[in-house]
Structure formats: structure tokens, C-alpha cells
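Just below is one structure, and these are the notes that go with it.
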Amino acid sequence: QVQLVESGGGLVQPGGSLTLSCTASGSNFRFYDMGWYRQAPGKQRDLVATITSARSTNYADSVKGRFTISRDNTKNTVYLQMNSLKPEDTAVYYCNQNRGGYVYWGQGTQVTVSS
Numbered sequence: 037q038v039q040l041v042e043s044g045g046g047l048v049q050p051g052g053s054l055t056l057s058c059t060a061s062g063s064n065f066r067f068y069d070m071g072w073y074r075q076a077p078g079k080q081r082d083l084v085a086t087i088t089s090a091r092s093t094n095y096a097d098s099v100k101g102r103f104t105i106s107r108d109n110t111k112n113t114v115y116l117q118m119n120s121l122k123p124e125d126t127a128v129y130y131c132n133q134n135r136g137g138y139v140y141w142g143q144g145t146q147v148t149v150s151s
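Using the working numbering, the first residue of the sequence shown is number 37, and each one after it goes up by one.
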């Protein structure tokens, strides 16, 4: 059973920065695509960013130029660097791992952007 553990969430002022981390259990981390999603209260869970095993990245339009996804295969960890945060970025952020159609999710970490 794969376990994904997110960390790094918290309260930040508009314009601030946060870095989220997600560490995965299990082997062969480097072979799997990873992603970050977010869910605001009363809304569906939406894609934020993804990174493939080949390190190709994809971003939602709303975060392009502000967020950066990266991975460290030696640490089984994927990161989400978030800059210029806005109140509308407030949500629970989840990471996932796609193992050829089997998708595993973490428990989520809360990010609140407020003055």
C-alpha cells in the first residue's frame, strides 16, 4: 500500500510564499508521475500541477508563472513551490501518484492565504 504524506501548509499573507512537500512510501518512485491538486470549500478537486517521470511539467492556467513543481527521486519527494499567493489559492492541497492507472492520494495539507 502506497502512502503519501504532505507537509508545509499553513497561513500566509497575500503575496507570500510557501513550499509544500509530499513524500511517498514504496519503491520505484522515479518511474511514476506525480501531481498536486487542490480543493476549496464547496468546490471540486482541481489540478494544480503535474510532473512526469521524465520531469515534464504541466500547470493550471491560474498558477502558471507563480507555482513550480519539482521532484527529488533520491528522497521520494515531490515539491510545490508557491509564490505570489492570492486569497483564491486557499484550499486543501493534495498530492497524488499515478501508477499506470492506479492513483494514490495523500491526506492533504491546508493552505490559507489571508491578511
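Built from N, CA and C at the ideal position, the CB exists for glycine as well. Since we're looking at a predicted model, the values are computed, not measured.
Quick one: what does DSSP say residue i is sitting in, helix, strand or coil?
{"i": "Val38", "result": "coil"}
{"i": "Ser63", "result": "coil"}
{"i": "Ser98", "result": "helix"}
I'd like the list of long-range same chain contacts for residue i, defined as Cβ closer than 7 Å, with 5 residues on each side in sequence excluded.
{"i": "Ser53", "result": "Met118, Asn119, Leu121"}
{"i": "Arg66", "result": "Ser89, Asn109"}
Are the CB atoms of residue j and residue i within a distance shorter than 8 Å?
{"i": "Gly71", "j": "Thr86", "result": "yes"}
{"i": "Arg107", "j": "Val99", "result": "no"}
{"i": "Phe103", "j": "Val128", "result": "no"}
Closer than 6 Å by C-beta to residue i: which residues in its own chain qualify, once you throw out the five before and the five after it? Chain order, please.
{"i": "Thr93", "result": "Ile87, Ile105"}
{"i": "Asp125", "result": "Val149"}
Which first and last residues belong to the beta strand (DSSP E) in which residue i is found?
{"i": "Asp125", "result": "Segment: none, Asp125 is in no beta strand (DSSP E) and carries neither H nor E."}
Which partner residues does residue i have in the DSSP bridge list?
{"i": "Gln146", "result": "Val128"}
{"i": "Gln75", "result": "Arg81, Val128"}
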